[in-house]
Amino acid sequence: MTEINELNNLAAQIRRDILRMVHGCKSGHPGGSLGCADFFTALYFNVMHHDSKFNMDGVNEDIFFLSNGHISPVFYSTLARSGYFPVEELKTFRKLDTRLQGHPTTAEHLPGVRIASGSLGQGISVAAGAALAKKLNNDSKIVYALMGDGEIEEGQNWEAFMFATHHKVDNLIVTIDSNGQQIDGSTKDIAGIGSVDIEAKMKAFGWEVLHMNGHDIEHIIDTMAKAKLLVGKGKPIFIIMKTEMGFPIDFMVGSHKWHGIAPSDAELESALSQLPSTLKDY
Amino acid sequence: MKTYEVQNIKDTRSGFGAGLHELGQANDKVVALCADLIGSLKMDAFKKDFPERFFQVGIAEANMIGLAAGLTIGGKIPFTGTFANFSTGRVYDQIRQSIAYSNKNVKICASHAGLTLGEDGATHQILEDIGLMKMLPNMVVINPCDYNQTKAATISIANHIGPVYLRFGRPAVANFTDANAPFEIGKALMINEGTDVSIFATGHLVWKAIEAGHILAAQGINAEIINIHTIKPLDEKAVMDSVRKTRCVVTAEEHQMNGGLGDSICQLLARNLPTPVEMVAVNDSFGESGTPDELMKKYHLDTPDIVDAVMRVMKRK
């Protein structure tokens, strides 16, 4: 269990980074970032075989694509804490001349980022393309991707889902952040989408579907292990990850209000007090 | 006026298909994707001989663009194929974010551009694609003039690292360029040296400019004709050198005036050497159904329209 404790400590630090980054530039998307901190921690510090000496092609390593690019704070903090670039650089988030643009980009050559994302619905196609390249290269490593549940309203996703099944892209593990929230309200109210509907739709599209608790690192690791066992079996793999937006900050949790606004000074102080510093802040 | 021998009458899209097939043999990094238009894009030969490197994506162009961007990560050189309308306007944001902004090594290959698509009508006749693509940072925009040049351009762009938009067409047209001529991105080609007017033409309009050149020569007008196969990056030196000599310009293209080759040349000249320009292009309208020849006449993109434009612009010198 030591390892799980260490991962939980890392996730807490990443959450501190997220809050301080968004507060530092008075903009950004804390809600989804906080909700996905446990997932990113498990992925980069346990699940994936990856090299922080970044190489764009990522041959013979697992690679990850973030489709819902607005949760860049959790992506950047995880990359920095994994050694892709100096942790101190997190303080430049969203500021002029930064490599840490509001949404991830390759244009600034930030190690760890392989595609621009932010305009939603494009990442699963890109991930499927990268998975095809791995197959052509006889590279047995895995392509991971994360998307938002509001994002699934974009039609391009369904084109990609259909393609991946038909072309047996079975080295692709897509996780959806099922927090049930989007900017204007709940995904249920806005588009009639809940996690039950997503499971039925994805199975109808021919994907293997797993569920996991996005706030239990041990469960994330176990579920990812099950997903890896399905790789190479002819079907793409989809994981419905239940999270709460803003988790675990008491005044943020579960509300779409915190999708895209920064905390005030007092709110930051209150939030940080709920996340005792576990590693050194940047 | 220099004379060009018509070797045969062939469609530029077949030049693409032939070039892609040669690339398939020469470079195993080259992969191809098509959105349910294999026959129209002449991608059959590549599909037949390199099936493991060919991906039928179905009628899902947005996904095709994303897949192509992803395939570059792992070192592949993807060539996407569909009609020009579905290669650009339909997938603009996908190209903008996943290819141009991400600077991915994707070749967007687009057939049936412009009015000469013909009878299908305006829904399919895109006349805005050059403008859409040239506005994107990192994007190279190429519009070759005949079968040989389209084949050479297809082979050449595999060696350019970065996004390319390659535009070609449906109809069989005069094939007159040297089959062995190398294709150099951004290097305008002198068709005929002249002193009275500069005609800058691209795509199918290059041959019409040559036809116009003969009519003008019979009237004692010595036209300089330059084939601008690469609209971006524009060969500014070739344009400026010619205009310094002739002091008046006609541009000719199968595209809207807004955003096309003429627009690029006017910007260059306005900044550096203000010069009278007449533009042979579609004037802010959609196309319609008809044969390619009928449409080129009706929308004033034909040989006599180039001659008329030369007459007008020379009076403005």
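Those protein sequences? They're chains G and U, same order as listed. For reference, each letter of the first sequence is one residue, going 1 to 282 in the working numbering. For reference, each letter of the second sequence is one residue, going 1001 to 1317 in the working numbering. Just so it is clear, CB atoms sit at the ideal spot from N, CA and C, and this is done for glycine as well. These numbers were taken from a predicted model, which means no experiment stands behind them.
Per DSSP, G/Ile237 is one residue of the beta strand (DSSP E) stretching across 237–242. G/Ala200 is outside the set of residues whose beta carbon lies under 9 Å from a beta carbon in chain U. The distance from the Cβ of G/Ser72 to that of G/Tyr44 is about 15 Å, inconsistent with a contact at the 8 Å cut-off. By the rule that beta-carbons nearer than 9 Å mark a contact, U/Gly1074 touches chain G.
Counting other Cβ atoms within 10 Å of its Cβ, U/Glu1061 reaches 16 or more and is therefore classed as buried. G/Asn137 reaches chain U at Gly1074, Gly1075, counting residues in chain order whose Cβ is nearer than 8 Å. Nearest Cα to G/Ile142 within the set G/Leu132, G/Arg20, G/Glu151: G/Leu132. Neighbourhood of U/Arg1090 in chain G, by CB distance below 8 Å: empty, with the nearest CB roughly 11 Å away. DSSP places G/His70 in the helix class (H, G or I) of the three-state scheme.
Between U/His1112 and U/Phe1079 the beta-carbon gap is near 16 Å, outside 8 Å, which marks them as no contact. The beta-bridge partner set that DSSP reports for U/Asn1175 consists of U/Asn1008. In terms of beta-carbon proximity, U/Asp1241 stays away from the interface with chain G, with every pair separated by 9 Å or more. Residues of chain G with a Cβ closer than 7 Å to the Cβ of U/Val1057 are, in chain order, Phe163.
Annotated as proximal: G/Leu272 and G/Leu19, with beta-carbon spacing under 9 Å.
Using beta-carbon distances, U/Met1064 counts as an interface residue toward chain G, with a partner under 9 Å. G/Asp97 sits exposed, since fewer than 16 C-beta atoms from the chains shown fall within 10 Å of its C-beta.
Contact between G/Gly260 and G/His70 holds: CB atoms are separated by about 7 Å, below the 8 Å threshold. With a threshold of 9 Å between beta carbons, G/Ile152 makes no contact with chain U.
Per DSSP, G/Met212 is one residue of the beta strand (DSSP E) stretching across 208–213. In this structure, DSSP gives U/Asn1159 a state outside helix and strand, which the three-state scheme calls coil. DSSP lists G/Phe64, G/Ile173 as the bridge partner or partners of G/Tyr144.
Taking C-beta separations shorter than 7 Å and ignoring five residues to either side along the sequence, the partners of U/Ala1035 in its chain run Val1057, Gly1058, Ile1059, Ala1060, Glu1061, Met1064, Thr1082, Phe1086, following chain order. Interface residue (Cβ-Cβ distance to chain G less than 9 Å): U/Glu1236 is not classified as such. For U/Asn1103, the C-beta contacts it makes with chain G under 8 Å involve Thr106, Ala107, in order along the chain. With contact defined as three or more Cβ pairs closer than 8 Å, the region 1114–1134 of chain U and the region 1282–1294 of chain U are in contact. For G/Thr92 and G/Asn213, the gap between their C-alpha atoms comes out near 32 Å.
Taking the CA atoms as reference points, U/Asn1180 sits about 10 Å from U/Lys1151. Between G/Val126 and the set G/Gly234, G/Gln13, G/Phe64, G/Gly24, the nearest pair of CA atoms involves G/Phe64. Counting every other CB atom within 10 Å of its CB across the protein chains shown gives U/Thr1177 a total of 16 or more, marking it as buried.
A contact between stretches requires three or more CB pairs, one per stretch, nearer than 8 Å, and the region 192–199 of chain G meets this requirement with the region 145–156 of chain G. Annotation for U/Val1164: Lys1107, Val1140, Ile1157 place their beta carbon closer than 6 Å to its own, counting only its chain and skipping 5 residues before and after.
The DSSP-derived three-state label of G/Val22 is helix.
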